[in-house]
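Below is one structure; the comments refer to it alone.
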Amino acid sequence: MKTISSPENQMIKLARSLHHKKYRDQEKLFLAEGRRLVEEALARPELVKALFIREEQAADIAERQDIDCYVIDDRLFKLISTTDSQQGMAAIVRKPVWDLAKLTAVDGFLVLLDRISDPGNLGSIIRSCWALGVDGLLLTPECVDPYSPKVVRSTMGGIFHLPLIEAVAAPELDTLQMHGYEFIATGLDHALDYYDIDMRGKKILVLGSEAIGISPAIKSKCNQTSRIPINPKVDSLNVAAACAIITAEAWRQRKAKHL
Numbered sequence: 328m329k330t331i332s333s334p335e336n337q338m339i340k341l342a343r344s345l346h347h348k349k350y351r352d353q354e355k356l357f358l359a360e361g362r363r364l365v366e367e368a369l370a371r372p373e374l375v376k377a378l379f380i381r382e383e384q385a386a387d388i389a390e391r392q393d394i395d396c397y398v399i400d401d402r403l404f405k406l407i408s409t410t411d412s413q414q415g416m417a418a419i420v421r422k423p424v425w426d427l428a429k430l431t432a433v434d435g436f437l438v439l440l441d442r443i444s445d446p447g448n449l450g451s452i453i454r455s456c457w458a459l460g461v462d463g464l465l466l467t468p469e470c471v472d473p474y475s476p477k478v479v480r481s482t483m484g485g486i487f488h489l490p491l492i493e494a495v496a497a498p499e500l501d502t503l504q505m506h507g508y509e510f511i512a513t514g515l516d517h518a519l520d521y522y523d524i525d526m527r528g529k530k531i532l533v534l535g536s537e538a539i540g541i542s543p544a545i546k547s548k549c550n551q552t553s554r555i556p557i558n559p560k561v562d563s564l565n566v567a568a569a570c571a572i573i574t575a576e577a578w579r580q581r582k583a584k585h586l
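Counting the sequence shown from 1 gives a position; this note's numbering is that position plus 327.
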């Protein structure tokens, strides 16, 4: 365990740089802030490049020979933090590497997000998918960065555990179709109530931007469309709520299959 006192230290500079997508992409790293997120990251120690703690918390952290641990003061925590409330614990984390080929080989339930731009929604979706047994999350190139600080915080640790593939485009979707995956759109046109759709077997639930929906190219791949019946006085649900409702039904169906 080492102590850092200077804002010019290279690890402090690296942590601060990860506030920006350019450097997250360049370094293949991101920042996790707060005890809950750091503890989830430490469940996969191979991902943790560096750990930052306050001096008074040093006794709570077991010495890890495989992780570089740094004690820093509140002044430096304020520099590396992306929120107003520093929780005295942060980590520089390597982006997990997931293999699309492994997802194509399983009898899985996947979620494909098309042009989702709100960080809070994406974070909530990652959290729900992790909680409800989704086998993998696919993002089109137009989606918000899943490793941005707000998304990471909203996942409540799901970002470390849920298989996530970025920049999924036509070639990857064609491969999934060739391996037997069926696509289920979300929408209103020619739609079935979500609980009347068979979500067992190789299925991909597609959710689009609340503003512009699913792109025509992806919609053309969908075998059927699901809808969620709601109070007619309400215009719609947000995409994170819709995802949680439908994935919960998929989890129920898929668990029942194995009873």
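Where a beta carbon is used, it is the ideal one built from N, C-alpha and C, also for glycine. All values derive from a computational prediction rather than experimental measurement.
Problem set entry | Extent of the continuous beta strand (DSSP E) run through Thr409 | Segment: none, Thr409 is in no beta strand (DSSP E) and carries neither H nor E.
Exercise. Do you know whose CA, among Val566, Gln580, Ala577 and Ala583, lies nearest Asn448's CA?
Worked result: It is Val566.
For this session: Only counting runs of 4 or more residues, tell me where the alpha helix (DSSP H) segments fall wholly within the stretch 450-496, in order along the chain.
Result: List check, alpha helix (DSSP H) in window: 476-482.
Exercise. Does DSSP put Glu509 in a helix, a strand or coil?
Worked result: In the structure shown, Glu509 sits in a strand (DSSP, three-state: E or B).
For this session: Please report how far the alpha carbon of Ala377 lies from the alpha carbon of Asn336, in whole angstroms.
Result: Their Cα atoms are separated by approximately 13 Å.
Exercise. Nearest to Arg579 by alpha carbon, out of Leu489, Ala568, Cys549 and Asp525?
Worked result: Distance check between Arg579 and each of Leu489, Ala568, Cys549 and Asp525 places Asp525 closest, using alpha-carbon atoms only.
For this session: Check Ser563 in the structure and name its three-state DSSP category.
Result: Looking at Ser563 - three-state DSSP - the assignment turns out to be coil, as it is neither helix nor strand.
For this session: Rounded to whole angstroms, what's the CA-CA distance from Asp523 to Leu564? Just pull it up for me.
Result: Roughly 19 Å between the two C-alpha positions.
Exercise. Met505: buried (16+ other C-beta within 10 angstroms of its C-beta) or exposed?
Worked result: Per the 10 Å Cβ criterion, exposed.
Exercise. Closest by CA to Lys405, which one among Ile339, Thr431, Lys348 and Gln384?
Worked result: Looking at the Cα atoms, Ile339 is the closest of the given residues.
Problem set entry | Other residues of its chain near Leu358: CB distance less than 8 Å, five sequence neighbours each side excluded | Correct list, in chain order: Ala342, Leu345, His346, Ile407, Thr409, Ala417, Ala418, Ile419, Val420, Pro476 and Val479.
Exercise. Quick one: is Lys548 buried, meaning 16 or more other Cβ sit within 10 Å of its Cβ, or exposed?
Worked result: With 16 or more other Cβ atoms within 10 Å, it is buried.
Exercise. Thinking C-beta only, is Gly463 closer than 8 Å to Ile492?
Worked result: Yes, the Cβ-Cβ distance between Ile492 and Gly463 is below 8 Å.
Exercise. Would you call the stretch 427-444 and the stretch 496-505 in contact, with 3 or more CB pairs under 8 Å?
Worked result: The stretch 427-444, when compared against the stretch 496-505, does touch it at the 8 Å Cβ threshold.
Exercise. DSSP on Leu345, reduced to helix/strand/coil?
Worked result: Three-state result, Leu345: coil.
Exercise. Between which two residues does the alpha helix (DSSP H) carrying Lys545 extend?
Worked result: Checking the sequence, you will find Ile at residue 545 rather than Lys. Where Ile545 is concerned, the enclosing alpha helix (DSSP H) stretches over Pro543 to Lys546.
For this session: Mind reading off the beta-carbon distance from Gly589 to Gly507? Whole number of angstroms is fine, and I expect it under 8 Å.
Result: Coverage of the chain is limited to positions 328 through 586, which leaves residue 589 absent and any answer about it impossible.
Exercise. Which stretch, first to last residue, makes up the beta strand (DSSP E) that contains Arg421?
Worked result: Per DSSP, Arg421 belongs to the beta strand (DSSP E) from Met416 to Arg421.
Exercise. Is the beta carbon of Leu466 less than 8 Å from the beta carbon of Leu440?
Worked result: With respect to the 8 Å criterion, Leu466 and Leu440 are classified as neighbours on the basis of their beta carbons.
For this session: Label Lys530 either buried or exposed according to how many other C-beta atoms from any shown protein chain fall within 10 Å of its C-beta, with 16 as the threshold for buried.
Result: By the neighbour-count rule (16 or more Cβ atoms within 10 Å), Lys530 is buried.
Exercise. How would you call Arg527, buried or exposed, if buried means at least 16 neighbouring beta carbons within 10 angstroms?
Worked result: Arg527 should be labelled exposed.
Exercise. Taking the continuous alpha helix (DSSP H) assigned at Arg362, which residues delimit it?
Worked result: Boundaries of the alpha helix (DSSP H) around Arg362: Arg362 to Leu369.
Exercise. Leaving out five residues before and five after Ala333 in sequence, what residues of the same chain have Cβ atoms less than 8 Å from its Cβ?
Worked result: Before going on, a small fix: residue 333 reads as Ser here, not Ala. These residues qualify, in order along the chain: Ile339.
Problem set entry | Close beta carbons around Asp400, own chain, < 8 Å, minus the five adjacent residues each side | Annotation for Asp400: Ser332, Arg381 and Glu382 place their beta carbon closer than 8 Å to its own, counting only its chain and skipping 5 residues before and after.
Problem set entry | Straight-line gap, Val424 to Pro559 (C-alpha atoms, nearest Å) | Straight-line Cα distance between these residues: approximately 43 Å.
Exercise. Which residues in the same chain have their Cβ closer than 8 Å to the Cβ of Asn550, if we skip the five residues on either side of it in sequence?
Worked result: Only residues of its own chain outside the window of five on either side were considered, and among them Glu509, Phe510 and Ile511 have a CB closer than 8 Å to the CB of Asn550, listed in chain order.
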